[in-house]
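In full-length UniProt numbering, the protein residues as written are 1 to 559.
In this text, a Cβ means the ideal position worked out from N, Cα and C, and glycines have one as well.
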Ligand code: ADP
Ligand code: MG
């Protein structure tokens, strides 16, 4: 039996690939810069084992140049370069990755920085360019070669001149069309933005000429423009640095630089995990509520990096809803990316990371609560509601862990207290955790229903947010103590019968009560003598499980 080879229609394959795998055209620059970085990394690795090579970091960089007149964008690197064969094999064959081969040959398994693996990124250049020219001189070679392609119709390779080892990729940028603007890829400020976004943590300097203006020499009001070469990327990501070498200011600077928020975070969490899945993360608990936090537009999520290259802006799977306020990033080399490097293949690693992060945030909040009470209360002021929603909507899976983070205003302490603090103060004869709901603390304080409980010396938690009571209903108990609304029928408080003989009073006032019942016929179910009132003449109570406050909310709900 004869085995036949599949024939690929490379022209169509290339078109298909270019136009279908990437959602953002701008990532072509991320891909070309990643390749340049890989090429420099390869020299670096070679120098580690080859004594005749020295690696002086200063000589290695990536340069981006534009030429508006000729509509060209050039990305040059001082990396390992490509021989004629390399050009043929790696750029002439779609899905052939010289970088993957390099990793395998050199048995680089862990901790390497080489990014390439799929052998397609290079072709993304055709999303913005009509012609791509590659001029390269390989390490240890005297000759340089020029590879050129217009995409679909194949490529040419000819010898050419190049002084130093390395590669230049020259893109002839497409003309604008009615729908698409390509001119932007000739604007240095725009390129700078793209580089900052995706390639900020490439380990080698990425340089670009920036036009600045300055006072003319000898002049007081005349300005002149001049070109200045700037390094755009931060290079060493803060998350790869040693925690001990970083100050709070460093973390705050990163927070601002990354536009996570305009406030100062109340806490940063720096995580480095070297376990089943390796990752670094820097997370922040913001101080202030982002302006759009409670709107539909707000998107939760963390930035996701693979080996220092941005993959996703907001990876929502990394955060549960109740921690949607957390900002920050995760970088892992263990993610299995899909071919466009915009998405993940499997979410097994991601799930592990998410679980881990979730735990860390929880324990960090607990630590703040324990050691920095004021800070915690500030945080709770901003995001407590989110935690309560978490308890309410999680149907049992996380409420146990979140309940210790809840706080409510206490009638006795006149400040926010945790459930744990409440329970630990309960006198022995107190059966329930009491709460009262109302719009404001002042109003709750004046509720007649609170009188008996307060008189008994029991603490009452004041619920002034709609979610409070719903969350508590989900919890049902805390440390085996049931929650009880002060307006529920049975308060579980023993009342001295002699002092207040309700039965006889009821009998005496029967006429009055009957009269009240007829007047309030459609408003109340019954009028009774109450044993719970001290100074107030009257109060409302509920029969069933729904309290007055909840009834109000349920009535206000649509449908
Ligand atoms: P990948 O980076 O996933 O391997 P690419 O399509 O981006 O795939 O690149 C294909 C191959 O071309 C790379 O693996 C590398 O061998 C080679 N290559 C691309 N750009 C350069 C460069 N600037 N310097 C040296 N080699 C390069
Ligand atoms: Mg690549």
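Kindly indicate the opening and closing residues of the beta strand (DSSP E) around residue i.
i: residue 314; result: 309-315
i: residue 70; result: No beta strand (DSSP E) contains residue 70, which DSSP labels as neither H nor E.
i: residue 269; result: 267-274
i: residue 280; result: 278-285
i: residue 513; result: Residue 513 -> not in any beta strand (DSSP E); alpha helix (DSSP H) instead, spanning 510-519.
i: residue 434; result: 432-437
Following the continuous alpha helix (DSSP H) through residue i, name the residue where it begins and the one where it ends.
i: residue 386; result: 373-393
i: residue 102; result: 98-105
i: residue 95; result: Taken as a continuous stretch (DSSP letters only), residue 95 belongs to no alpha helix (DSSP H), as it is neither H nor E.
i: residue 49; result: 27-49
i: residue 250; result: 248-257
i: residue 466; result: 466-475
i: residue 445; result: 441-445
i: residue 452; result: 451-455
Quick one: measure Cβ to Cβ for residue i and residue j, integer angstroms, because I've assumed they're closer than 8 Å.
i: residue 483; j: residue 422; result: Not really, about 10 Å apart at Cβ, beyond 8 Å.
i: residue 64; j: residue 206; result: 7 Å
i: residue 405; j: residue 365; result: 6 Å
i: residue 250; j: residue 286; result: Not confirmed; about 17 Å, so no contact.
i: residue 149; j: residue 155; result: 4 Å
i: residue 22; j: residue 124; result: 6 Å
i: residue 129; j: residue 172; result: 5 Å
i: residue 212; j: residue 226; result: 6 Å
Can you give me the C-alpha to C-alpha distance between residue i and residue j, rounded to a whole angstrom?
i: residue 437; j: residue 311; result: 46 Å
i: residue 193; j: residue 185; result: 11 Å
i: residue 540; j: residue 520; result: 12 Å
i: residue 60; j: residue 210; result: 20 Å
i: residue 383; j: residue 261; result: 15 Å
i: residue 276; j: residue 471; result: 35 Å
i: residue 51; j: residue 159; result: 30 Å
i: residue 200; j: residue 258; result: 11 Å
i: residue 55; j: residue 36; result: 16 Å
i: residue 41; j: residue 114; result: 7 Å
i: residue 106; j: residue 95; result: 20 Å
i: residue 239; j: residue 374; result: 28 Å
i: residue 455; j: residue 529; result: 18 Å
i: residue 486; j: residue 401; result: 26 Å
i: residue 411; j: residue 468; result: 16 Å
i: residue 4; j: residue 16; result: 24 Å
i: residue 88; j: residue 347; result: 36 Å
i: residue 308; j: residue 319; result: 20 Å
i: residue 134; j: residue 380; result: 56 Å
i: residue 46; j: residue 242; result: 26 Å
i: residue 28; j: residue 20; result: 13 Å
i: residue 132; j: residue 208; result: 20 Å
Leaving out the 5 sequence neighbours to the left and right, which residues in its chain are closer than 7 Å to residue i when beta-carbon positions are compared?
i: residue 344; result: 335, 336, 337, 338, 350
i: residue 498; result: In this prediction, residue 498 scores a pLDDT of 49, lower than 50, which makes its location untrustworthy; the coordinate-derived value is nonetheless stated afterwards. Once the five neighbours on either side are set aside, residue 498 has no close Cβ partner at all.
i: residue 82; result: 90, 136, 138, 167
i: residue 38; result: 99, 114, 115, 116
i: residue 44; result: 55
i: residue 278; result: 332, 333, 334
i: residue 491; result: 452, 453, 484, 532
i: residue 478; result: 403, 419, 423, 433
Compare the C-alpha of residue i against each of the options and name the closest.
i: residue 464; options: 409, 491, 305, 430; result: 409
i: residue 191; options: 354, 120, 425, 74; result: 74
i: residue 357; options: 283, 372, 307, 212; result: 283
i: residue 317; options: 353, 204, 138, 141; result: 353
i: residue 202; options: 89, 255, 233; result: 233
i: residue 244; options: 266, 198, 256, 271; result: 271
i: residue 288; options: 297, 266, 467, 274; result: 266
i: residue 71; options: 62, 2, 176; result: 176
i: residue 298; options: 253, 514, 324; result: 324
i: residue 462; options: 204, 416, 340, 428; result: 416
i: residue 14; options: 328, 151, 538, 182; result: 151
i: residue 127; options: 294, 308, 25, 268; result: 25
i: residue 255; options: 247, 327, 204, 224; result: 327
i: residue 340; options: 515, 118, 513; result: 118
Excluding the five sequence neighbours on either side, which residues of its own chain have a C-beta within less than 8 Å of the C-beta of residue i, listed in chain order?
i: residue 315; result: 301, 302, 303, 304, 330, 350
i: residue 440; result: 464
i: residue 187; result: 66
i: residue 367; result: none
i: residue 476; result: 482, 483
i: residue 447; result: 436, 438, 486, 487, 539
Identify, in the order they occur along the chain, each residue of the same chain with its Cβ nearer than 6 Å to the Cβ of residue i, setting aside the five sequence neighbours on each side.
i: residue 322; result: 386, 387, 390
i: residue 369; result: 376
State yes or no: is the beta carbon of residue i nearer than 7 Å to at least one beta carbon in chain C?
i: residue 263; result: The structure shown contains no chain C, having only a single protein chain.
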